[in-house]
Structures are given as C-alpha cells and as structure tokens.
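Before any comments, here is the structure.
In structure tokens, the structure reads:
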C-alpha cells in the first residue's frame, strides 16, 4: 500500500508541475504581448508627426514642408524602416520633384554608415490642389537594431517642375536606441 501512495503522490506532483509550467508560459506570453503593444503605440506616433507637419502650413499656406525642419525635434527608434516625409500643398495641379542632396551624420555613426541605411530616396509626382496636401516619402531608412544614438542632417531640394522654382529644406533627425525590452521581447 505504501508503494501505491508513493506512485499517486509522484503523479500528482508531475501534474502540478506541468500545470505550473503552462501557467508560467501563458503569463510570459501575456506580459510580452502587453509590452510589445505599448512599444507599437509609441512607434505609431510617427503618424502624429506627419499630422503635425500638416498643421505647420496653416489654413492657406502653400509649398513644401518636411518632418524635422523649422525647429521640430524628430526622433526615430532603431530596428526597422523609418520614413522621412514631406507634405506638399498647391493651389493648382503641379508636378514636384523632391531630391535628397545630402545626408550628413553630425554624431554617432559616420556619414558613410548612415548612407548605408538608405533603402530608397527621392520622390517625383503630381500634386492636386485642396485637401491636406500630398504626402511624399522622400527618404526610406532601414536602421539596424544595434545602431548607436545618431544625429542626422538631411538636405532636400524641392523643385516645382511647372515653374522651375527650387527650394532647399534642411532637416534634423535623431536616431535613438529603443532599449533592451523591445529588442529582447518583440
């Protein structure tokens, strides 16, 4: 009879251990999903930045405005693709050509390394009048997860091909590491 009791105790212990491990795994998955959702919300602030650029125009101002110019502080996290966007408003159908003239690293990595982060650059297209303006992705960066804190200075040239007028825009963008939790959890 003692042997039967010992077997029942060991089976009960095994069942409790298995249930405890399942609960531990489910708890870790739950915490991970909450943490990653919070991080994703902070990354979605980029769309808020685009809306802020739209608001820089005011009601009736026309032309080209880009993120990171006019004293705006723009920060992009490491580990993913990040868009540098300009908003174009016109009062008539116009064709614009946006060109990245220079990418310069002010601190962090050297300029050659920062240029390797560029996946796509420049934009050309027609802009219709009215609305919130046309959104033009002038630069697409693929920033590595292990990139150090870096400050970039971008010079963008906007050409109105209908009038051949050219404007220059200087943008400042900071690249900041997103931290230990994001790189290990998400």
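Numbering (the numbering used here), first residue to last: 1 to 186.
Ideal Cβ placement from N, Cα and C applies to all residues, glycine included.
TODO: Taking all protein chains shown into account, decide if residue 130 is buried (16 or more other Cβ within 10 angstroms of its Cβ) or exposed.
DONE: Residue 130 sits at position 130 when you count from the first residue of the chain shown. It is exposed - the Cβ of residue 130 has fewer than 16 other Cβ atoms within 10 Å.
Task: Own chain residues within Cβ distance below 6 Å of residue 121, not counting five before or after - done: Against the chain shown, residue 121 aligns to sequence position 121. Excluding positions up to five away in sequence, the list reads 100, 139.
Open item on the list: On the criterion of 16 or more Cβ atoms from any shown chain inside 10 Å, does residue 78 qualify as buried, or is it exposed?
Closed with: Along the chain shown, read from residue 1 onward, the residue named residue 78 stands at position 78. Looking at its Cβ environment, which holds 16 or more other Cβ atoms inside 10 Å, residue 78 is buried.
- [ ] Within its chain, find whatever has a CB closer than 7 Å to the CB of residue 20; leave out the 5 residues flanking it on each side and keep chain order.
- [x] By 1-based counting over the chain shown, the position of residue 20 is 20. Excluding residues within five positions, none has a Cβ falling inside 7 Å.
Open item on the list: Between which residues of its own chain and residue 124 is the CB-CB distance below 6 Å, once the five residues before and five after are set aside?
Closed with: As a working mapping, residue 124 is identified with position 124 in the chain shown. Result list for residue 124: 97, in chain order.
Open item on the list: Looking at the secondary structure, which residues open and close the alpha helix (DSSP H) in which residue 124 lies?
Closed with: To locate residue 124, count along the chain shown from 1; it is residue 124. Note, residue 124: premise wrong, no alpha helix (DSSP H); beta strand (DSSP E) at 123-127.
Task: Span separating the alpha-carbon of residue 155 from that of residue 23 - done: The residue labelled residue 155 in the question sits at position 155 within the chain shown. The residue labelled residue 23 in the question sits at position 23 within the chain shown. Straight-line Cα distance between these residues: approximately 53 Å.
Task: residue 62 (DSSP reduced to helix, strand or coil) - done: Working through the chain shown from its first residue, we reach residue 62 at position 62. It is coil, neither helix nor strand.
- [ ] Take the Cβ of residue 175 as the centre, count every other Cβ of all protein chains shown within 10 Å, and call the residue buried at 16 or more, exposed below.
- [x] Counting from one through the chain shown, the residue named residue 175 turns up at place 175. Residue 175 should be labelled buried.
Open item on the list: With DSSP as the reference, identify every bridge partner of residue 72, one or two as the case may be.
Closed with: Here residue 72 is taken as the residue at index 72 of the chain shown, counted from 1. According to DSSP, residue 72 bridges with nothing at all.
Task: DSSP bridge partner residues for residue 134 (one or two, in chain order) - done: Here residue 134 refers to the residue found at position 134 of the chain shown. Residue 134 pairs with 88.
TODO: Please state whether DSSP places residue 112 in a helix, a strand or coil.
DONE: The count along the chain shown starts at 1 and reaches residue 112 at position 112. Three-state result, residue 112: helix.
Task: Cβ-Cβ distance between residue 27 and residue 87 below 7 Å - done: Translated into the one-based positions of the chain shown, residue 27 becomes position 27. Translated into the one-based positions of the chain shown, residue 87 becomes position 87. It is not a contact, given that the beta carbons lie outside the stated cut-off.
TODO: Rank 169, 84, 92, 117 by C-alpha distance to the C-alpha of residue 162 and give the top, closest one.
DONE: Locating residue 162 in the chain shown gives position 162, counting from the first residue. Among 169, 84, 92, 117, the Cα nearest to that of residue 162 is on 92.
Open item on the list: On the criterion of 16 or more Cβ atoms from any shown chain inside 10 Å, does residue 82 qualify as buried, or is it exposed?
Closed with: Locating residue 82 in the chain shown gives position 82, counting from the first residue. Its Cβ being crowded by 16 or more others within 10 Å, residue 82 is buried.
Task: Presumed contact (8 Å Cβ cut-off) between residue 167 and residue 158, rounded CB distance - done: Residue mapping note: residue 167 aligns to position 167 of the chain shown, counting from 1. Residue mapping note: residue 158 aligns to position 158 of the chain shown, counting from 1. Contact holds; Cβ gap of about 5 Å.
Task: Burial state of residue 114, where buried means 16 or more other Cβ atoms lie within 10 Å - done: As a working note, residue 114 is residue 114 in the chain shown. Looking at its Cβ environment, which holds 16 or more other Cβ atoms inside 10 Å, residue 114 is buried.
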